[in-house]
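**Student:** First, the structure itself, so that you have it in front of you.
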Amino acid sequence: MSVRYLARKMITLAITLYVTVSFNFLLFHVLPGNPVQLLARSGHFDAAARTQLIKLFGLNHSLLVQYFTYLNDMAHGHLGFSYIYREPVTTVLGSAVGNTVLLVGTATVITVIVGVWFGVVAAARANSLTDASITVTSLSLWSMPDFFTGMILIFIFGVWSHVFPVSGIESPGLTTGTFGHVFDIGRHLILPALTLTLVNAAEFSLITRNTLVDVLVEDYIVTARAKGLRRHVIIWRHAVRNALLPVVTATALYVGMILGGAIQVETVFSWPGLGLLTYNAVEQRDYPVLEGSFLLFAIAVIATNFFADLLYQALDARVRET
Amino acid sequence: MSSTTSGPETSSDPGSNVIRKARSSVWRGVWTDHMGRTGVIMLGFVLFIILIGPLIFPFNASAFGSSASSILQGPSRAHWMGTTELGQDVFRQFLVGGRISLYVGVSATVIAILLGTGIGLVAGYYVGWRDTILMRVTDFFLVLPTLPLIIVLAALFGQSIVVTSLVIGLTSWPQTARIIRSQVLSLRERPLVLRARSLGARDVRIMGLHILPNVAPLIFANLVLVLSGSILAQAALAFLGLGDPVQASWGTMLHNAFNSGAMSEGAWWYVLTPGIGIVVMVLAFSLVGHALDRVMNPLRRGAR
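Residue numbers (the numbering used here), protein chains in the order written: chain Z, -1 to 320; chain Y, 1326 to 1629.
Listed below in structure tokens is the structure:
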């Protein structure tokens, strides 16, 4: 990976981030029906209060001035003030980010491992009964809305049997030291993480299967077979290595989808992360928090794609640019 | 993998009967595929239930229960799928809600496919600056996380089913645009397009008459997938409380069930009925899409 390539990628990243921030400004501050104007125009204020609000949000300035003020705020990490929590949005988001990273991180690792494994098994016996049942199961799981999968798990493990906790991140009033605390969080993590895994592993298994089926008819596989190599050596050492590249790209592309799933799953399980925050912000029309969390989601996806691109470059000699 | 792109040259103009023949063979391909046939049958069943169902099944959707005893009741002869937290009939809501889920899914898909096809067509046909600009925009929207974006747009612009359709449609086109563009890029170099251009045909005519019919199968295969995605997006939006409160879709039913405490009451009928409806509808479209992809993707057909 050359320095020039890296520099070009960094410039693209900077431009994308800039466009994203501007897009956010367009959504929340310019388009008709934007929350700031709605608030200032609503009939609940007398003239004095309204002037004060207009001044507070800088609506008396031209759009261009508002835009630069906004960019300046962004550059200094000022995301505004939450209507509901009465705290800076950064503080509100900060307390939730860790929980979402824990949930999404755990789920993504398990998802990739389980998904790839089932995909390989299906492809290795392409067009067999095993293949068909794995594909049908994957398609069925893919067809389930994330929140519905979560609700079914709640019925099974929380209502009909009481195996796992179905709400929150820790049991209230638990006083059993650090280890007990970690164990408790782990128990609460199981069902939300399982939900995300069930829905997304299906996607990975389908991608792995389809790529691997294409790879398995390539010449070098035929050569390996002709050399008399063992079947599982051919599949795992020769074929899977090459089929994994699309999976790397897919992981980056699906981070957006997994985050979308996290919003639903956190809502269903009351997991106190960015998703639940987004849901509450929508319910209570807390626009600054909604704006901040959307920006954070977008930046997370852009950053992941950036790193996946670099990884792809490092892994695949065929697309290596100079 | 790379050697197959310069495939055999296509014969001159695609005559209309050639297209018709191709169409009937696609249909046969889907029907002979086990999963494709299952999908078609499931789809027929779902469409029958939600389009004809409300006419035959004599339930009243909005009638409220007369007493506390009619609230959240299990399935019975009077209420086949039990009752809601307000004592309404779940089965009737299910029949009506399916129409709304389907309506939003279909109209969002139409918007997304029109946008995606148009942008992909123009970008692929006129390489150069138009392509660069359009693809930059496409890549930007491709990277934005879809569900958060849809949530923000719905929260800002309202919750009627028209707004929901627009919001989902306007955010679901980038994938289609990319796929169409790459196909058009190869089509524009084919002899039939070069010939038409040398005869003095205008760009619009070439695109409409020679390129569009050739990408039509691709559009169709993609359409089914966009449709499943749109139905899922609508369900998620409604579940998060951003659905049309008056015209309750299956997602809205699940929102009501979840927020009324039907879960802890163990009212499985209230949750499973609309949930399974969504799954069966999406799965039917996915199975058909999977089969279409098998039949129409020449690379994969060769690989089998």
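Even glycine gets a Cβ: it sits at the ideal position worked out from N, Cα and C. It should be emphasised that the depicted structure is a prediction, and the values quoted were computed from it without experimental measurement.
Of all Cβ atoms in chain Z, is any one closer than 8 Å to the Cβ of Val1518(Y)?
**Tutor:** No - not a single Cβ of chain Z is within 8 Å of the one on Val1518(Y).
**Student:** Could you spell out where the alpha helix (DSSP H) holding Ser1611(Y) opens and where it closes?
**Tutor:** From DSSP, the alpha helix (DSSP H) with Ser1611(Y) extends over 1593 to 1621.
**Student:** Quick one: which unbroken alpha helix (DSSP H) runs of 4-plus residues sit fully inside the segment 1344 to 1383 of chain Y? Chain order, please.
**Tutor:** Within the segment 1344 to 1383 of chain Y, the complete alpha helix (DSSP H) runs of at least 4 residues are 1359 to 1381.
**Student:** Is the distance from the Cβ of Ser1574(Y) to the Cβ of Ala1561(Y) below 8 Å?
**Tutor:** Not closer than 8 Å, so no.
**Student:** When the distance is taken between beta carbons, is Ala237(Z) closer than 8 Å to Leu210(Z)?
**Tutor:** Closer than 8 Å, so yes.
**Student:** 8 Å is my cut-off, CB to CB: does Thr1357(Y) come that close to chain Z?
**Tutor:** Not an interface residue.
**Student:** Since Phe79(Z) sits in a beta bridge, which residues does DSSP pair it with?
**Tutor:** Looking at the DSSP assignment, Phe79(Z) forms a beta bridge with Pro86(Z).
**Student:** For the candidate residues Val245(Z), Val164(Z), Ala312(Z), Ser80(Z), whose alpha-carbon lies nearest to that of Ser1689(Y)?
**Tutor:** Residue 1689(Y) lies beyond the stretch modelled for chain Y, which goes from 1326 to 1629, so this question has no answer here.
**Student:** Is Asp44(Z) helix, strand or coil by DSSP?
**Tutor:** Three-state DSSP puts Asp44(Z) in coil, outside helix and strand.
**Student:** Thr1408(Y) bridges to which residues according to DSSP?
**Tutor:** Thr1408(Y) is bridged to Asp1414(Y).
**Student:** For Ile1458(Y) and Glu264(Z), I'd like the C-alpha separation in whole angstroms.
**Tutor:** Cα to Cα, the separation comes out at about 37 Å.
**Student:** Let me check understanding here. Comparing Cα to Cα, which of Gln50(Z), Leu69(Z), Ile9(Z), Met8(Z) lies closest to His27(Z)?
**Tutor:** His27(Z) has its Cα closest to that of Leu69(Z), out of Gln50(Z), Leu69(Z), Ile9(Z), Met8(Z).
**Student:** Label Met1326(Y) either buried or exposed according to how many other C-beta atoms from any shown protein chain fall within 10 Å of its C-beta, with 16 as the threshold for buried.
**Tutor:** The predicted model places Met1326(Y) with a pLDDT of 35, which falls under 50 and marks its position as unreliable, so this point remains unresolved.
**Student:** Residues in the segment 106 to 127 of chain Z with C-beta within 9 Å of chain Y's C-beta atoms, listed in sequence order?
**Tutor:** Within the segment 106 to 127 of chain Z, the residues whose Cβ lies closer than 9 Å to some Cβ of chain Y are Ala124, Asn125, listed in chain order.
**Student:** For Ala1560(Y), go through chain Z and note every residue whose CB falls closer than 9 Å to its CB, in chain order.
**Tutor:** What Ala1560(Y) touches in chain Z: Pro143, Phe145, Phe146.
**Student:** Using 8 Å for Cβ pairs, my map puts Thr7(Z) next to Asp307(Z). What's the rounded Cβ distance?
**Tutor:** First, the amino acid is wrong: residue 7(Z) is Lys here, not Thr. The pair is a contact, with the Cβ atoms about 6 Å apart (cut-off 8 Å).
**Student:** Quick one: what does DSSP say Pro170(Z) is sitting in, helix, strand or coil?
**Tutor:** DSSP places Pro170(Z) in coil when its eight states are reduced to three.
**Student:** Within 8 Å of any Cβ in chain Y, is that where the Cβ of Ser169(Z) sits?
**Tutor:** No, because no Cβ of chain Y sits closer than 8 Å to the Cβ of Ser169(Z).
**Student:** Contact criterion: CB-CB distance below 8 Å. Does Glu85(Z) meet it with respect to chain Y?
**Tutor:** Not one chain Y Cβ lies under 8 Å of Glu85(Z).
**Student:** Three or more beta-carbon pairs under 8 Å between the segment 1524 to 1535 of chain Y and the segment 1544 to 1552 of chain Y, yes or no?
**Tutor:** The segment 1524 to 1535 of chain Y is not in contact with the segment 1544 to 1552 of chain Y.
**Student:** Are the C-beta of Ser1401(Y) and some C-beta of chain Z separated by less than 8 Å?
**Tutor:** Not an interface residue.
**Student:** List, in order along the chain, the chain Y residues whose C-beta lies closer than 7 Å to that of Tyr277(Z)?
**Tutor:** Residues of chain Y passing the Cβ test: Leu1565.
**Student:** Could you tell me the alpha carbon to alpha carbon distance between Asn321(Z) and Ile1505(Y), rounded to whole angstroms?
**Tutor:** This structure gives no information on residue 321(Z), because the portion of chain Z shown stretches from -1 to 320.
**Student:** Are Pro286(Z) and Ser93(Z) closer than 8 Å when you measure CB to CB?
**Tutor:** No; because the gap between Cβ atoms is not below 8 Å, this pair is not in contact.
**Student:** From Gly1441(Y), Leu1478(Y), Leu1481(Y), pick the residue whose C-alpha is nearest to that of Val1509(Y); which is it?
**Tutor:** Here the closest residue by C-alpha is Gly1441(Y).
**Student:** Could you check where the alpha helix (DSSP H) with Phe23(Z) kicks off and where it finishes?
**Tutor:** From DSSP, the alpha helix (DSSP H) with Phe23(Z) extends over 1 to 23.
**Student:** Using CA coordinates, which residue listed in Gln282(Z), Leu61(Z), Arg2(Z), Leu101(Z) is at the minimum distance from Gly271(Z)?
**Tutor:** The residue with the shortest Cα to Cα distance from Gly271(Z) is Leu101(Z).
**Student:** Compare the Cα-Cα distances from Phe267(Z) to each of His179(Z), Phe304(Z), Phe146(Z), Gly254(Z) and report the closest residue.
**Tutor:** For the residues His179(Z), Phe304(Z), Phe146(Z), Gly254(Z), the minimum Cα distance to Phe267(Z) belongs to Phe146(Z).
**Student:** Could you round the C-beta distance between Leu1567(Y) and Pro1599(Y) to whole angstroms and report it? I think they count as a contact, below 8 Å.
**Tutor:** That pair is no contact at about 16 Å.
**Student:** Alpha carbon to alpha carbon, how far is Leu189(Z) from Phe177(Z)?
**Tutor:** Using only the alpha carbons, I get a separation of about 20 Å.
**Student:** Rank Ser20(Z), Ala120(Z), Asn58(Z) by C-alpha distance to the C-alpha of Asp71(Z) and give the top, closest one.
**Tutor:** Here the closest residue by C-alpha is Ser20(Z).
**Student:** Less than 8 Å between CB atoms is the rule here; does Ala1502(Y) satisfy it with respect to chain Z?
**Tutor:** Ala1502(Y) does not count as touching chain Z.
**Student:** Are the segment 1515 to 1523 of chain Y and the segment 1479 to 1499 of chain Y touching by the rule of at least three beta carbon pairs closer than 8 Å?
**Tutor:** No, they do not touch.
**Student:** What residue ranges within the segment 90 to 115 of chain Z form continuous alpha helix (DSSP H) runs of no fewer than 4 residues, ordered along the chain?
**Tutor:** Segments of the alpha helix (DSSP H) lying fully in the segment 90 to 115 of chain Z: there are none.
**Student:** Could you work out which residues of chain Z lie near Trp1454(Y), taking near to mean beta carbons separated by less than 8 Å?
**Tutor:** Here the premise fails: no neighbours, minimum Cβ distance about 17 Å.
**Student:** Quick one: is Ser1328(Y) buried, meaning 16 or more other Cβ sit within 10 Å of its Cβ, or exposed?
**Tutor:** At Ser1328(Y) the pLDDT is 38, less than 50, meaning the model places this residue with poor confidence; the figure from the coordinates comes in the next sentence. Looking at its Cβ environment, which holds fewer than 16 other Cβ atoms inside 10 Å, Ser1328(Y) is exposed.
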